[in-house]
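Following this note's numbering from start to finish, the sequence shown increments by one per residue and tops out at 206. Idealized CB from N, CA, C, for every residue including glycine. None of these values were measured; they are calculated from a predicted model. Below: one structure, written as C-alpha cells.
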Amino acid sequence: KSAVLLVPIAALTVNRNRLWTVAWVLVAAVLMYFLFLQSSGGALWQHYVEADMESQGGGIRIAMNGVPAVLITIFRKKIIKDTQERKFWVTISVLALICIPLEYISPAATDRVALYFIPLQLYTFGRLHRLFEDNFARAWVVLEVTLYYSSVLVICLNFASHFDAWVPY
Numbered sequence: 038k039s040a041v042l043l044v045p046i047a048a049l050t051v052n053r054n055r056l057w058t059v060a061w062v063l064v065a066a067v068l069m070y071f072l073f074l075q076s077s078g079g080a081l082w083q084h085y086v087e088a089d090m091e092s093q094g095g096g097i098r099i100a101m102n103g104v105p106a107v108l109i110t111i112f113r114k115k116i117i118k119d120t121q122e123r124k125f126w127v128t129i130s131v132l133a134l135i136c137i138p139l140e141y142i143s144p145a146a147t148d149r150v151a152l153y154f155i156p157l158q159l160y161t162f163g164r165l166h167r168l169f170e171d172n173f174a175r176a177w178v179v180l181e182v183t184l185y186y187s188s189v190l191v192i193c194l195n196f197a198s199h200f201d202a203w204v205p206y
C-alpha cells in the first residue's frame with residue numbers, strides 16, 4: 038500500500054503540457070486512494086504515525102539514500118546526461134532528502150517509503166565514476182563503492198538484530 042504514494046512521481050517529471058499531467062496525476066492519486074487506501078487509511082495512519090512505531094535501522098537506510106541524493110543534487114549534469122532522466126532522478130533525490138527530517142516524526146512510515154528510493158543508490162553509485170576523467174580515479178571510485186557496500190553487508194550480517202534470517206540468502 039505504501040507504493041501507491043510513489044506512482045505519480047514519474048508523471049510529474051514530464052516536460053510537455055504540465056497542467057494536463059498534473060490534472061491526470063491528481064485524478065490517478067484520488068482513484069488509487071479510493072481503490073487501495075480508503076478502507077485502511079485511518080488504520081495505517083494510527084499504526085505508523087500515532088502509535089509512534091519504530092523501525093530498527095531505518096535511520097541508517099534513510100541516510101544511505103541521503104548520500105546519493107546529495108551527490109545527484111550537486112553533480113546532476115555530470116552524472117546524468119539525459120534531461121528527462123535527470124528530472125526523474127532529481128525528483129527522487131529531493132524526496133529522499135525530505136525523508137531525513139520526516140524520519141524524526143514517523144520513523145516506521147518514513148522507512149517504509151524510503152525503501153522505494155533504494156534504486157537511487159544503485160543508479161548514483163553506478164555512475165559516480167563519470168565525475169572523473171582519469172582512469173585511475175575512476176577505478177578508485179569503483180573500488181571505494183565496492184568497499185562501502187561490502188562493509189555495509191559485513192556490518193548487517195554481524196550486528197543486525199535479524200541477521201540470521203538473511204544468512205540463507
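Nearest Cα to Q158 within the set V182, E170, K118: V182. Pairing L134 with A106 gives a Cβ-Cβ distance under 7 Å. In the three-state reduction of the DSSP assignment, R53 falls in the coil class.
In the pairwise beta carbon analysis, the segment 118-126 is classified as not touching the segment 138-154: fewer than three pairs are separated by under 8 Å. According to the DSSP assignment, V179 belongs to the alpha helix (DSSP H) that extends over 172-196. N54 counts as exposed, since fewer than 16 other C-beta atoms from the protein chains shown sit within 10 angstroms of its C-beta.
Around the beta carbon of T147, 16 or more other beta carbons sit within 10 angstroms, so the residue counts as buried. Between the alpha carbons of I155 and A100 lies a gap of roughly 11 Å. Annotated three-state conformation of Q121 is helix, per DSSP. In chain order, Q93 place their CB closer than 7 Å to the CB of S198, counting only its own chain and leaving out the 5 sequence neighbours on each side.
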